[in-house]
Each structure stands twice: as C-alpha cells, then as structure tokens.
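Asker: Numbering-wise (my numbering), the sequence shown opens with residue 1 and increments by one.
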Amino acid sequence: MVRRTLAAGAALTLAVTTGAVLANTAGPSGEVAFQPATASDSAIGSAPAGGPQIARAVLKDAAGKKVGVVTFRNVGKVTEVIAVFRKNANVGAGFHGFHVHANNLPDAGTGCVADAGGDPATWFLSADGHLADEGETHGKHVGDMPSVYTLAGGKARIAFQIDKIPFGRLVNSAVMLHAGPDNFANVPVGNGSDQYTENSPAATDKTMKTGNAGNRVACGVIKKL
Ligand SMILES: [Cu+2]
C-alpha cells in the first residue's frame, strides 16, 4: 500500500495497491491476451506533479486512412477517454465494439498491420487480444470499453472514464474498433426455453472471449504524449 499526496490541484490523498504480476498465457489468435504488469503500472492513482498524463492513439483503417483519434488523460485513479471518429470514416453506421488490445506478444507481429486487399478477418491481428488479467471473461476485461456509436456519415464522438487500466499499461497497447456491435459476452446459456441451449461450447467460449464484435476495422497504438 502506497499513500501519496498529489501536488497538482487540491490536496488529494490516494491509496494505491500495486496489482499482482500476471503472465502471458494466450496466443494471438484469441481475443484475450494477458499483459504482464510493469513497473510503470504503479503510476495509477498518482497524477504527476506536472499535471495529468496524456496518451493518444490515431486509428487508421486497413488502407491506412486516418479515421479517428482516441485520447487518454489520466488524472489519478481515473482515466478520461475521448474518442472522435471522422466524417466519412467508412466503418459503417451503428454500434462498434471498442477495446484496448494488448500489443506485447511478438508471434503475430506488433502494432496495427493490415492488408487492405486481404481477408478482413486478418486485419490488425498483429495486435493481440483484449487487454485482460488472468481469469477475466469478456465484458470484464480491463481493456473493455463502451461501444462507439457511429452516425450515418461515419462520425462519432464518445467520452467516458475508465479505472481498471493503469496508465502504464495503456501506453503501447492498441485501441481497436470492430466492424460490429459488442455483445459483452451476454449469452444466456442454459436449459431454459429462452436460453441458447443449442449453442456449441466453442461458440459460447468465443463470445466469452470477444463479444463477437466481428472483424477489426480500425486500429491505433497508444503513444504517450
Ligand atoms: Cu477488440
């Protein structure tokens, strides 16, 4: 337990408990990838004396066209997130799954790599699965974020707060926008007449990992400003 008094702003004391270090246990093909905690993780809850820490991801589509900007502003225990997608972003109108993906497993490459002429299912697999800690299922991944709703012309603006990802873990991870809505793994599995008893275990397992939000259509690596 570390107790710090922030120099910036009004006197504010935050209690910080450094989390356990977790190992990478998932491959790049799944949506879940565990990212080990780093020394910089302890930065959460301690806005530096110089002011908030800011990081940004510029999201591009498979063709390399800039479609949006996501800004993370850490003000202590909470990080404020503002995502803006351009008019004519060409990602389709409606809800889109939106997550922070790990980007630390070298097997499938790193960063946001896509072949615009290739199978869309292969786009941005260079980044790993959702940023997650061991045992978390989708909807509870530390990298899960609210869905983006794009207007008919492709524009979107969404602002929200997150409190599960230390700032140090955000940096160099990747923000991913998916083609389709995110079901947050809300599959009512069971034996009831209104439950998806016909679902295969594999399908259930998949949605518990990804939310079945579909292909990755825009990606940007988070860089500290
Ligand atoms: Cu995702």
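Heads up, the beta-carbon is just placed ideally off N, CA and C, and yes, glycines get one too. All values derive from a computational prediction rather than experimental measurement.
According to DSSP, simplified to helix, strand and coil, what is Ala57?
Answerer: Counting from one through the sequence shown, the residue named residue 57 turns up at place 57. Of the three classes helix, strand and coil, the one that applies to Ala57 here is strand, per DSSP.
Asker: Quick one: residues in its chain with C-beta nearer than 8 Å to the C-beta of Ala145, no 5 flanking neighbours on either side, listed in chain order?
Answerer: In the sequence shown, the residue the question calls residue 145 occupies position 145. Residue identity differs from the one stated: residue 145 is Met in this sequence, not Ala. The residues are Val81, Phe98, His99, Val100, Phe160 and Ile162.
Asker: Counting along the chain, where does the beta strand (DSSP E) carrying Phe98 start and finish?
Answerer: The residue given as residue 98 occupies position 98 in the sequence shown. Per DSSP, Phe98 belongs to the beta strand (DSSP E) from Phe98 to His101.
Asker: Sorted by chain position, which residues of the same chain lie with C-beta nearer than 6 Å to Leu151's C-beta, five sequence neighbours on each side aside?
Answerer: Residue 151 sits at position 151 when you count from the first residue of the sequence shown. Within the same chain, Leu151 has no close Cβ partners at all.
Asker: Can Ile158 and Ala55 be called in contact, C-beta distance under 7 Å?
Answerer: In the sequence shown, counting from the first residue as 1, residue 158 sits at position 158. In the sequence shown, counting from the first residue as 1, residue 55 sits at position 55. Cβ atoms of Ile158 and Ala55: not closer than 7 Å.
Asker: Looking at His99 and ligand 1, is the gap between the Cβ and the nearest heavy atom below 6 Å?
Answerer: Numbered from its first residue, the sequence shown carries residue 99 at position 99. Checking the Cβ of His99 against ligand 1 gives yes.
Asker: Given Phe124, which residues of its chain have a CB within under 6 Å of its CB, disregarding the five upstream and five downstream residues?
Answerer: For this step, residue 124 is matched to residue 124 along the sequence shown. Here the set comprises Cys112, Ala114, Arg216 and Cys219.
Asker: Could you pull out every unbroken alpha helix (DSSP H) segment of at least 4 residues lying fully inside the stretch 143-180, listed in chain order?
Answerer: Counting whole runs of 4 or more residues, the stretch 143-180 contains the alpha helix (DSSP H) stretches 167-170.
Asker: Evaluate Asn212 with the Cβ neighbour count: other Cβ atoms within 10 Å of its Cβ, from every protein chain shown; 16 or more gives buried, anything less gives exposed.
Answerer: Within the sequence shown, numbered from 1, the residue matching residue 212 stands at position 212. Around the beta carbon of Asn212, 16 or more other beta carbons sit within 10 angstroms, so the residue counts as buried.
Asker: Any chance the stretch 118-132 sits against the stretch 164-175, with 3 or more Cβ pairs inside 8 Å?
Answerer: yes
Asker: Report buried or exposed for Gly76, applying the criterion of at least 16 other Cβ atoms within 10 angstroms of its Cβ.
Answerer: What you label residue 76 is simply residue 76 of the sequence shown in a count that begins at 1. Flag for Gly76 reads buried.
Asker: Using DSSP with H/G/I as helix, E/B as strand and the rest coil, what is Ala114?
Answerer: Translated into the one-based positions of the sequence shown, residue 114 becomes position 114. Ala114 falls in the coil class under three-state DSSP.
Asker: Does the beta-carbon of Lys140 have 16 or more other beta-carbons within 10 angstroms, so that it is buried, or is it exposed?
Answerer: Within the sequence shown, the letter at position 140 stands for residue 140. So Lys140 ends up on the exposed side.
Asker: Does the beta-carbon of Ser147 have 16 or more other beta-carbons within 10 angstroms, so that it is buried, or is it exposed?
Answerer: Taking the sequence shown and counting its residues from 1, the one referred to as residue 147 is at position 147. Counting Cβ neighbours within 10 Å, Ser147 comes out buried, since at least 16 surround it.
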